[in-house]
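Protein chains: 2
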Amino acid sequence: MPREENPYLGWRSIRISLEMPEFFKIQLRAILRAAVHGRVRVMFPMISSVEEIRRAKELLEEAKEELRREERDFDPNIQVGMMVEVPSAVTLANQLIREVDFFSIGTNDLIQYLLAVDRNNSKVAPLYEPLHPAVLTAIHETVQAAKGAGKWVGMCGEMASDPMCTVVLLGLGLDDLSMGPFFIPVVKRLIRSVPFAEARAITRDVLSMATIKEVKGHLFDGMKNLGVIELMEMYH
Amino acid sequence: MPREENPYLGWRSIRISLEMPEFFKIQLRAILRAAVHGRVRVMFPMISSVEEIRRAKELLEEAKEELRREERDFDPNIQVGMMVEVPSAVTLANQLIREVDFFSIGTNDLIQYLLAVDRNNSKVAPLYEPLHPAVLTAIHETVQAAKGAGKWVGMCGEMASDPMCTVVLLGLGLDDLSMGPFFIPVVKRLIRSVPFAEARAITRDVLSMATIKEVKGHLFDGMKNLGVIELMEMYH
């Protein structure tokens with residue numbers, strides 16, 4: 178791998194895969210074959226344009242064709258999704274959703290790019306903020322694009338497991354939150370404790386707010402009124 | 178300065194200024210005093226939130242107050258603007274424009290963050306694309322926010338001096354393009370050669386397109402029909 182000045186803006190993920198199709202197709206063939214034995218889906222990361230997702234899908238079709246020729250078992254109807262983690266994918270969400278069966282919002286990278294903050298850099302880590310109004314708007318637009326096309330949208334990244342974000346993620350309409358097992362009990366209990374209509378109302382309010390402070394204040398008040406702040410305290 | 182893993186997502190620009198207010202105010206005082214002698218405006222870079230622009234403006238007011246106390250000449254009505262170069266600033270453009278007199282779109286950084294591409298990295302530089310549909314949408318939204326508030330919006334960054342982009346920048350409604358002297362003749366001649374209504378029509382079309390290839394194809398055809406392709410050839 179080359180040494181890079183800004184690896185987060187560099188040669189990574191799908192960018193490597195698309196330049197090394199023979200290597201990429203070995204992975205795709207393995208996924209296609211594994212899908213015979215259980216529930217497996219394929220999801221392409223770091224997509225920044227319609228061209229990229231189309232090229233990735235072409236290679237998936239080539240991998241299927243190879244397996245067909247070799248008469249190997251595989252799942253020809255495997256679901257295909259993509260990560261929404263590059264800001265341009267949010268902008269193009271309505272076009273990109275036509276190319277896939279589902280979206281998964283990758284918040285760790287998405288927040289980094291939207292706010293231009295490397296969260297591993299202690300000098301700027303305080304600026305990394307999942308409840309920044311621009312982050313909430315980006316998630317909202319992505320969810321709306323998926324729902325508008327009748328498709329599902331999940332989230333991976335730390336935001337999905339942050340109980341302070343659960344009410345708003347519920348209100349935004351995410352279908353699926355991916356997290357480590359440690360976080361499941363508190364997030365599950367929060368989701369069960371908050372009526373969906375209330376989560377929607379709080380979310381509608383915060384989406385109109387201009388500052389992080391207003392968003393956090395309103396969210397905290399809303400959770401207090403719903404009596405779920407003690408769940409947060411249990412967790413912290 | 179600390180050594181950083183991803184300097185473009187790191188401690189730079191206004192982030193340093195806001196953490197070193199005494200150092201920052203020396204610069205602001207100098208700008209305020211220089212403005213007595215000519216047309217000077219102040220513009221804050223890398224703004225990613227409403228909080229940041231408000232804090233920068235507070236420090237500007239403090240600098241004015243210091244100069245007032247010291248009975249020094251300065252321009253108390255200096256125009257204040259901000260760069261739109263972090264994607265979150267595009268999302269918040271309607272809120273941010275209320276805080277300033279003008280926007281300047283910094284395309285070099287904005288494109289890098291929107292597409293997650295370090296343009297100085299040869300492995301991914303081909304992905305750096307000013308005519309990416311998400312870039313055009315971001316510029317469009319920023320211009321609309323400024324115009325809606327009756328304020329002006331300029332552009333700096335290499336895109337402003339790229340003749341292939343001039344027609345679309347004209348059509349998007351930019352008031353001001355900043356560039357090196359070498360580029361002025363061709364861009365000026367392009368602007369003078371293309372009727373505004375035609376630029377608007379071409380721009381409206383490209384804003385609805387999903388791929389870079391469609392955008393470039395349509396733009397090229399439009400310029401050919403307008404008879405301005407030879408200006409491009411003269412330049413290249």
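Chains as they are written, first to last, in this note's numbering: chain A, 178 to 413; chain B, 178 to 413. The beta-carbon is built from N, C-alpha and C at its ideal position, and this holds for glycine as well.
Under the three-pair Cβ rule at 8 Å, the segment 386–399 of chain A does not count as touching the segment 191–199 of chain B. Among the residues of chain A, those whose CB is under 9 Å from the CB of SER225 (chain B) are LEU291, LEU292, ALA293, VAL294, LEU304, HIS309, ALA311, following chain order.
Sequence-distant partners of GLY399 (chain A) (beyond 5 residues in either direction) whose C-beta falls short of 6 Å from its own C-beta, in its chain, are ILE379. Uninterrupted beta strand (DSSP E) stretches at least 3 residues long and entirely within the segment 194–275 of chain A occur at 219–221, 257–261, given in chain order. In this structure GLN289 (chain B) is buried. Its beta-carbon is surrounded by 16 or more other beta-carbon atoms within 10 angstroms.
For ALA211 (chain B), the closest of B:PRO184, B:PRO222, B:ILE255, B:LYS234 by C-alpha to C-alpha distance is B:ILE255. Between the alpha carbons of GLU262 (chain B) and MET336 (chain A) lies a distance of about 24 Å.
If you draw a straight line from the Cα of VAL301 (chain B) to the Cα of ALA311 (chain B), it comes to about 17 Å.
VAL257 (chain A) is positioned such that its CB atom lies closer than 7 Å to that of VAL219 (chain A).
Taking 7 Å as the cut-off, the beta carbon of VAL371 (chain B) is found closer than this to the beta carbon of VAL344 (chain B).
Among the residues facing chain B, THR319 (chain A) is not included, as its CB has no counterpart in that chain under 7 Å away. Under the 10 Å beta carbon count, ASP353 (chain A) is surrounded by fewer than 16 other beta carbons and is classified as exposed. Chain-order list of chain A residues neighbouring ARG369 (chain B): empty, with the shortest C-beta distance near 32 Å, by a criterion of under 9 Å. Secondary structure of SER385 (chain A) (DSSP, three-state): coil. Note on ALA315 (chain B): 16 or more other CB atoms within 10 angstroms of its CB, so buried under the neighbour-count rule. Considering only B:LEU287, B:ARG216, B:LYS401, the residue with the shortest C-alpha distance to GLU306 (chain B) is B:LEU287. Contact between ALA293 (chain B) and LEU186 (chain A) holds, since their C-beta atoms are separated by about 5 Å, short of 8 Å.
Scanning chain A for C-beta atoms nearer than 8 Å to the C-beta of GLU181 (chain B) yields ASP295, ASN298, LYS300, reported in chain order. Runs of beta strand (DSSP E) with 3 or more residues, each lying fully within the segment 302–375 of chain A, are found at 329–333, listed in chain order. Rounded to whole angstroms, the gap between the alpha carbons of GLY357 (chain B) and THR284 (chain A) is 38 Å. As far as DSSP is concerned, PHE397 (chain B) takes part in no beta bridge. For ALA322 (chain B), no CB of chain A lies under 7 Å from its own CB, so it is not counted at the interface with that chain. Here ASP295 (chain A) is buried: its Cβ has 16 or more other Cβ atoms, across all protein chains shown, within 10 Å.
Excluding residues up to 5 positions away in sequence, GLY258, LYS328, TRP329 lie with their Cβ nearer than 6 Å to the Cβ of PHE279 (chain B) in the same chain. Per the C-alpha coordinates, the member of A:PHE221, A:SER281, A:ARG216 positioned closest to VAL320 (chain A) is A:SER281.
Counted as a single uninterrupted DSSP element, the alpha helix (DSSP H) harbouring LEU292 (chain B) occupies residues 284–292. For the segment 369–397 of chain B, the residues whose beta carbon sits under 8 Å from a beta carbon of chain A are, in order, ALA387, THR388, ILE389, LYS390. In this structure, ASN183 (chain A) keeps its C-beta atom at 7 Å or more from the C-beta atom of ASN402 (chain B). Counting the other Cβ atoms within 10 Å of the Cβ of ALA323 (chain B) gives 16 or more, which makes it buried. Straight-line spacing of the CA atoms in GLY334 (chain B) and CYS342 (chain B) works out to 12 Å. Taking a C-beta cut-off of 8 Å against chain B, none of the residues of the segment 323–335 of chain A qualify.
If you draw a 10 Å sphere on the C-beta of ALA207 (chain A), you find fewer than 16 other C-beta atoms in it, and that means exposed. In the same chain as ALA376 (chain A), and ignoring 5 residues on each side of it, the C-beta atoms closer than 7 Å to its own belong to VAL344, LEU347, GLY348, in chain order.
Annotated as distal: LEU269 (chain B) and LEU237 (chain B), with beta-carbon spacing of 7 Å or more.
B:ARG189 is the residue among B:PHE360, B:LEU367, B:ARG189 whose C-alpha sits nearest the C-alpha of ILE224 (chain B). Between VAL405 (chain A) and LEU351 (chain A), the C-beta spacing is not below 7 Å.
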